[in-house]
Amino acid sequence: MNIVECKDLSKIYEDQSQKVVALNSVSLSIVPGEFVSFVGPSGSGKTTLLNLIGALDSPTSGSIILDGVDLSTLSNREQSDLRLRSIGFVFQAYNLIPVLSARENVEFVMHLQGIRADERRTRAKEVLISVGLEGLFDRRPGELSGGQQQRVAVARAIVSKPKLVLADEPTANLDSTTAQNLIGLMRSLNEKFGITFIFSTHDPIVMGFARRVVKLRDGAIEEEVRA
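Residue numbering for the sequence shown follows my numbering, starting at 7 and increasing by one per position.
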């Protein structure tokens, strides 16, 4: 079964002065364990597509089936619960909580899931070690480099073992060496745990690691390339 299936997906933004077609009848399927990049120029629709798959926004028309569930059949609360339990997010701006330590940031999702404090602490430390941050558990985001902060964000995204991780321009604020190391880490996590990763990116480094590149232009799929 596909983990993601988009059928004739369209998204139109409009106000009194203009109408913008962000996506135009996009259909694609993603199977579990894929490592996929959505690429294209600014305004191509790649971030919109990522947000729709992550139930952060709703399509104007068409449908999204996520792990066998039609998102349109879920209430806002049910969509929120689905995001919490099935999807990990990695954002360009990291979105870490500045007053919390690295460990506490990683624990936060598990706290929302109702996981016991001792188990949260153990799992947070294990995943921080797996992303190369041993010894930095108690540092707050302001005491970490950009690459280290993004590793905390990756740890937070994977700690609850989601089926799917969505990453929006995760290397945009990183130098090339740090970006290479980070995406290599995510690829290894993909291979080790079978987590499906979908990226929105301009970065050739990310594209180089992807097993499938979906090129968008003007809200439509222009080409697909598989490694």
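We put the beta carbon where it would ideally sit given N, CA and C, even for glycine.
Fair warning: this is a prediction, and the values are worked out from it, not measured in the lab.
Could you tell me which of 121, 80, 192 sits nearest to residue 42, measuring between CA atoms?
-> Along the sequence shown, read from residue 1 onward, the residue named residue 42 stands at position 36. Checking every option, the nearest Cα to that of residue 42 belongs to 192.
Is there contact here, the segment 136-154 with the segment 77-91, by at least three beta-carbon pairs under 8 Å?
-> no
Relative to the alpha-carbon of residue 226, which residue among 8, 17, 90 has its alpha-carbon at the smallest distance?
-> Numbered from its first residue, the sequence shown carries residue 226 at position 220. The shortest C-alpha separation from residue 226 is found at 17.
Nonlocal neighbours in the same chain, by C-beta distance under 6 Å from residue 185, ignoring five residues either side | Numbered from its first residue, the sequence shown carries residue 185 at position 179. Excluding positions up to five away in sequence, the list reads 177, 211.
For the beta strand (DSSP E) holding residue 14, just list the boundary residues, first then last.
-> Taking the first residue of the sequence shown as position 1, residue 14 is located at position 8. Taken as a continuous stretch (DSSP letters only), the beta strand (DSSP E) holding residue 14 covers 10-20.
By Cβ distance, which residues of its chain are closer than 8 Å to residue 85, with the 5 residues on each side in sequence left out?
-> The count along the sequence shown starts at 1 and reaches residue 85 at position 79. Correct list, in chain order: 61, 77.
Helix, strand or coil: which one does DSSP assign to residue 103?
-> As a working mapping, residue 103 is identified with position 97 in the sequence shown. Looking at residue 103 - three-state DSSP - the assignment turns out to be coil, as it is neither helix nor strand.
Straight-line gap, residue 3 to residue 40 (C-alpha atoms, nearest Å) | The structure shown has nothing for residue 3, since the chain only spans 7 to 233.
Name, in chain order, the residues that DSSP records as bridge partners for residue 222.
-> Residue mapping note: residue 222 aligns to position 216 of the sequence shown, counting from 1. Looking at the DSSP assignment, residue 222 forms a beta bridge with 227.
Would you report the Cα separation of residue 54 and residue 88, rounded to the nearest angstrom?
-> In the sequence shown, counting from the first residue as 1, residue 54 sits at position 48. In the sequence shown, counting from the first residue as 1, residue 88 sits at position 82. Going from the Cα of residue 54 to the Cα of residue 88 covers about 19 Å.
Determine, using beta carbons only, whether residue 9 and residue 169 come nearer to each other than 8 Å.
-> Looking up residue 9 in the sequence shown gives position 3. Looking up residue 169 in the sequence shown gives position 163. Yes.
Per DSSP, what kind of secondary structure is residue 76 in: helix, strand or coil?
-> Position 70 of the sequence shown, counting from 1, holds the residue named residue 76. It is a strand residue.
Any idea what DSSP makes of residue 174, helix, strand or coil?
-> Residue numbering aside, residue 174 sits at position 168 when the sequence shown is read from its first letter. Residue 174 falls in the strand class under three-state DSSP.
Which residue's Cα is closest to the Cα of residue 189: 133, 157, 31?
-> The sequence position of residue 189 within the sequence shown is 183, counting from 1. The option with the nearest alpha carbon to residue 189 is 157.
Assign residue 23 to one of two classes, buried (16 or more other C-beta atoms within 10 Å of its C-beta) or exposed (fewer than that).
-> If you number the sequence shown from 1, residue 23 lands on position 17. Residue 23 comes out exposed.
Residue 179 - containing beta strand (DSSP E), residue span = Residue numbering aside, residue 179 sits at position 173 when the sequence shown is read from its first letter. Per DSSP, residue 179 belongs to no beta strand (DSSP E) and is neither H nor E.
Verify whether the separation of the beta carbon atoms of residue 63 and residue 107 is less than 8 Å.
-> In the sequence shown, residue 63 corresponds to position 57, counting from 1. In the sequence shown, residue 107 corresponds to position 101, counting from 1. No, the pair does not count as a contact, with Cβ atoms beyond the cut-off.
With DSSP collapsed to three states, give me the class of residue 128.
-> Looking up residue 128 in the sequence shown gives position 122. Helix, per DSSP.
Excluding sequence positions up to five away, which residues of its chain have a Cβ less than 6 Å from the Cβ of residue 204?
-> Numbered from its first residue, the sequence shown carries residue 204 at position 198. So the qualifying residues of the chain are 42, 172.
Leaving out five residues before and five after residue 51 in sequence, what residues of the same chain have Cβ atoms less than 7 Å from its Cβ?
-> The count along the sequence shown starts at 1 and reaches residue 51 at position 45. 28, 29, 222, 225.
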